[in-house]
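Please read the structure below before turning to the comments.
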Ligand SMILES: [Zn+2]
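Residue numbers (my numbering): 2 to 126.
Quick look at the structure:
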């Protein structure tokens, strides 16, 4: 399954929209489902990230603790990682090759490995 990579720009909510969103979800975080306490920082989270084809529509938004949202966005399997992967998949699908930088000596790609004394040695394949 490939995910489409959208280009929808993020659009901030007005304070009134934020209040409505909060009330619609009864102040519950869409990510951990715990109540968002008074004074706890929260953001309007895109249920489906914009970079993964989500929209700015109200149905695609819900309140989330800022901490939860950060974890979702920046985590190992977070949105950013998934967006990067979706982009790579899409580019490959379209036949766009990603330019690889020069191989770093000693890296697996270079065909050489650096020995403990600093000299380079051909990797045996
Ligand atoms: Zn939460």
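Cβ coordinates follow ideal geometry from the N, Cα and C atoms, glycine included.
Any non-hydrogen atom of ligand 1 within 7 angstroms of residue i CB
i: residue 39; result: no
i: residue 32; result: yes
i: residue 66; result: yes
i: residue 35; result: yes
Where residue i sits in the DSSP three-state scheme
i: residue 78; result: coil
i: residue 84; result: helix
i: residue 2; result: For residue 2, the predicted structure reports a pLDDT of 45, less than 50, and the residue's modelled location is therefore unreliable. A value from the coordinates is still provided. Three-state DSSP puts residue 2 in coil, outside helix and strand.
i: residue 52; result: helix
i: residue 68; result: helix
i: residue 100; result: coil
Distance CB(residue i)-CB(residue j) smaller than 8 angstroms
i: residue 14; j: residue 22; result: yes
i: residue 52; j: residue 84; result: yes
i: residue 50; j: residue 80; result: yes
Point to revise | Stretch-stretch touch, CB-based, cutoff 8 angstroms, three pairs: the segment 88 to 95 with the segment 57 to 64 | key: no
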